[in-house]
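J.:
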Amino acid sequence: MAFGLVQAFRTFGKLTLAGAIGASFAAGDVGAQQKQPSPGSAKALFGAVALPTQGSARPIGFYAKGCMTGAAALPSDGPTWQAMRLSRNRRWGNPAMISLLEKFSQDANDKIGWPGILVGDIAQPRGGPMFNGHASHQIGLDADVWLTPMPSHRMSYEERETLPFTTMMQKDKFLTVDPKVWTEQRAELLMLAASYPQVERIFVNPAIKKKMCDTWTGDRTNLGKLRPEYGHDSHFHIRIKCPPGAAGCKPQAPVAAGDGCDKSLAWWFTKEPWAPPKPSPKPPKPPREVMVSDLPKACAGVLDAPAAAATIAGTYDGAPAANALTAAPAALPASEDLLPVTGPVPPEKPAMP
Ligand SMILES: [Zn+2]
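Taken in order, the sequence shown gives residues 103 to 455; the numbers are from my numbering.
#1: Compute every distance between the C-beta of D364 and the non-hydrogen atoms of ligand 1, then say whether any falls below 7 Å.
#2: Throw me the rounded Cβ distance for the H239 and I219 pair, which I believe falls under 8 Å.
#3: Within the continuous alpha helix (DSSP H) that includes D419, where are the two ends?
#4: Return the CA-CA distance between I310 and V404, expressed in angstroms with no decimal places.
#5: Between the Cα of M252 and those of R160, M186, G326, A144, spot the shortest distance and give me the residue it belongs to.
#6: Let me know if D131 comes out buried or exposed under the rule of 16 or more other beta-carbons within 10 Å of its beta-carbon.
#7: Count the other CB atoms within 10 Å of the CB of A423; is the residue buried (16 or more) or exposed (fewer)?
#8: If you follow the alpha helix (DSSP H) that I224 is part of, which residue opens it and which one closes it?
#9: Hey, how far is the Cα of P330 from the Cα of G230?
#10: Does the separation of the CB atoms of N307 and G333 fall below 8 Å?
#11: Would you report the Cα separation of H236 and F148, rounded to the nearest angstrom?
#12: For A368, which three-state DSSP category applies?
#13: Please state if the CB of I342 and the CB of L243 are separated by a distance shorter than 8 Å.
#14: Span of the beta strand (DSSP E) holding L328?
#15: For P375 versus W369, is the C-beta spacing smaller than 8 Å?
#16: Please find out if some non-hydrogen atom of ligand 1 comes closer than 7 Å to the beta-carbon of D246.
#17: Can you name the start and end residues of the beta strand (DSSP E) that Q184 belongs to?
#18: Here's the rule I'm using: 16 or more other beta-carbon atoms within 10 Å means buried, otherwise exposed. How should E505 be labelled?
#19: From A355 to L328, what distance separates their C-alpha atoms?
#20: For A349, does the count of other Cβ atoms within 10 angstroms reach 16, so buried, or fall short, so exposed?
#21: Buried or exposed: S207, going by 16 or more other Cβ atoms within 10 Å of its Cβ?
#22: Take K352 and list the residues in its own chain whose beta-carbon comes closer than 7 Å to its own, dropping the five residues that flank it on each side.
#23: Residues in its own chain within less than 7 Å of R160 by CB, not counting five upstream and five downstream?
#24: So is the beta-carbon of H255 under 7 Å away from any non-hydrogen atom of ligand 1?
#25: Taking H337 as the reference, give the member of T323, D364, C344, L291 with the closest Cα.
#26: Can you pull the DSSP bridge partners for H339?
#27: Helix, strand or coil: how does DSSP classify T113 here?
#28: Hey, out of D212, D179, T323, whose CA is closest to R256's CA?
#29: Could you please give me the residues that DSSP links to R160 through a beta bridge?
#30: Can you name, in chain order, every residue of its own chain whose Cβ lies under 8 Å from the Cβ of S297, other than the five neighbours on each side?
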């Protein structure tokens, strides 16, 4: 690799972190209320790495406590998807996740006429905790998909940064889906996502789950995979199982049998989940920052492992899902060429080492 390029990547890593921290303070979002991650914390270290490791793909640990090797990037564009918020550099995942997203987007187009999906955060290049936005998304098996359809044009880098989220919620009513925004097609999209055997959970706002419970008249076998959760009113979150053979990936208990339109959903419509925390005489201690030593042991090695040559060298090329777990990082897909080079996409494909 040319010296200039190496230099560019080093600079990029620092810029990304600085830029992201700056953005979160400026935007006054959740990140702004958080302390900047300390140097040496897991959030700071994993957030500063710009590229995945070389080698085979391995999820290590649990969805909310782990890291990964051999991640593949979702190409920023495909026939039926566009990746959003490219500056975050969070379109990395286990190849099994990337291949599912590509298939899901194609099926959504073929089967229900959804023009294509907008993909939000998947994971950082080596997974690990993020300093804003998510508790999970740490091992490459979680991905956020917008409830907004892909527009007919290819969005610019800038548009992908700034396109606002569209909430499905009615503004002046407690936990209610807005019938003017919600559509049958969105219900079909969720049930399509839930139909894949490797998908174990889909997180949606409790109001969306209730809407599905009240209105879905088709096969309800997979309705139980839709899990009510805070937020998730403008996007849904797809979680897949540990891929077969992924030793070191800690599975989550399967969802309970049934459609989930039961007491567990009714609880969300009580005061309990929304009550402010009880005042206590002493101010609560802020939670201790997660350090790399809190993650599975192998994650320290993941941080130190040699990097893939470049983002495009690690971009997923559509290898069949069956091989995806151990698939080598793939070559540049044609579509990647077309994106204007305004983001963390190297201007040319560097030679593989
Ligand atoms: Zn998510």
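Cβ coordinates follow ideal geometry from the N, Cα and C atoms, glycine included.
Everything numeric in this text was worked out from a predicted model, so none of it was measured.
T.: In terms of the structure at hand:
#1: Here residue 364 refers to the residue found at position 262 when the sequence shown is read from its first residue. Answer for D364: no, Cβ out of range of ligand 1.
#2: The residue labelled residue 239 in the question sits at position 137 within the sequence shown. The residue labelled residue 219 in the question sits at position 117 within the sequence shown. That belief does not hold up - the Cβ atoms of H239 and I219 are roughly 17 Å apart, past 8 Å.
#3: Numbered from its first residue, the sequence shown carries residue 419 at position 317. Note, D419: premise wrong, no alpha helix (DSSP H); not H, not E.
#4: Translated into the one-based positions of the sequence shown, residue 310 becomes position 208. Translated into the one-based positions of the sequence shown, residue 404 becomes position 302. In a straight line, the C-alpha of I310 is about 38 Å away from that of V404.
#5: Taking the first residue of the sequence shown as position 1, residue 252 is located at position 150. Distance check between M252 and each of R160, M186, G326, A144 places M186 closest, using alpha-carbon atoms only.
#6: Taking the first residue of the sequence shown as position 1, residue 131 is located at position 29. Note on D131: pLDDT 29, under 50, position unreliable in the model; the coordinate value appears next. That one is exposed.
#7: Reading the sequence shown from its first residue, position 321 is the one you call residue 423. The pLDDT assigned to A423 is 36, lower than 50, so where the model puts this residue is not dependable; a value taken from the coordinates is nonetheless given after this. With 16 or more other Cβ atoms within 10 Å, it is buried.
#8: Residue mapping note: residue 224 aligns to position 122 of the sequence shown, counting from 1. Per DSSP, I224 lies in no alpha helix (DSSP H) segment and is marked neither H nor E.
#9: For this step, residue 330 is matched to residue 228 along the sequence shown. For this step, residue 230 is matched to residue 128 along the sequence shown. Whole-angstrom Cα-Cα distance: 24 Å.
#10: On the sequence shown, residue 307 is found 205 positions in, with the first residue counted as 1. On the sequence shown, residue 333 is found 231 positions in, with the first residue counted as 1. Inclusion of N307 and G333 in the CB contact set at 8 Å is warranted, their separation being smaller than that value.
#11: Working through the sequence shown from its first residue, we reach residue 236 at position 134. Working through the sequence shown from its first residue, we reach residue 148 at position 46. For H236 and F148, the distance between alpha carbons rounds to 14 Å.
#12: Start at 1 with the first residue of the sequence shown, and residue 368 comes out as number 266. Three-state DSSP puts A368 in a helix.
#13: Here residue 243 refers to the residue found at position 141 of the sequence shown. Here residue 342 refers to the residue found at position 240 of the sequence shown. For L243 and I342, yes; Cβs fall inside 8 Å.
#14: Indexing the sequence shown from 1 puts residue 328 at position 226. Here the beta strand (DSSP E) through L328 covers 328-330.
#15: Counted from its first residue, the sequence shown places residue 375 at position 273. Counted from its first residue, the sequence shown places residue 369 at position 267. Annotated as proximal: P375 and W369, with beta-carbon spacing under 8 Å.
#16: Counting from one through the sequence shown, the residue named residue 246 turns up at place 144. Yes, since a heavy atom of ligand 1 falls inside the 7 Å radius drawn around the Cβ of D246.
#17: To locate residue 184, count along the sequence shown from 1; it is residue 82. Unbroken beta strand (DSSP E) run through Q184: 183-185.
#18: Limits of the chain in this structure are 103 at one end and 455 at the other, which puts residue 505 out of reach.
#19: Working through the sequence shown from its first residue, we reach residue 355 at position 253. Working through the sequence shown from its first residue, we reach residue 328 at position 226. Distance between the alpha carbons of A355 and L328: 15 Å.
#20: Along the sequence shown, one-based indexing puts residue 349 at 247. Exposed: under 16 other Cβ atoms inside 10 Å.
#21: In the sequence shown, counting from the first residue as 1, residue 207 sits at position 105. S207 should be labelled buried.
#22: Position 250 of the sequence shown holds residue 352. The beta carbon of K352 lies closer than 7 Å to those of G163, F164 in the same chain, with the five residues before and after it left out.
#23: For the purposes of this step, residue 160 is identified with residue 58 of the sequence shown, where counting begins at 1. For R160, where only same-chain residues beyond five positions count, the Cβ hits under 7 Å are M170, T171, G172, A348, G350.
#24: Residue mapping note: residue 255 aligns to position 153 of the sequence shown, counting from 1. The answer is no for H255.
#25: Translated into positions along the sequence shown, residue 337 becomes position 235. Among T323, D364, C344, L291, the Cα nearest to that of H337 belongs to L291.
#26: On the sequence shown, position 237 is the one that residue 339 refers to. Partner(s): D246, F305.
#27: Here residue 113 refers to the residue found at position 11 when the sequence shown is read from its first residue. Residue confidence for T113 is low, a pLDDT of 34 falling below 50, so the modelled location carries little weight and cannot support an answer.
#28: The count along the sequence shown starts at 1 and reaches residue 256 at position 154. Nearest C-alpha to R256: D179.
#29: By 1-based counting over the sequence shown, the position of residue 160 is 58. DSSP, once it has assigned bridges, lists T171 as partnering R160.
#30: If you number the sequence shown from 1, residue 297 lands on position 195. So the qualifying residues of the chain are N324.
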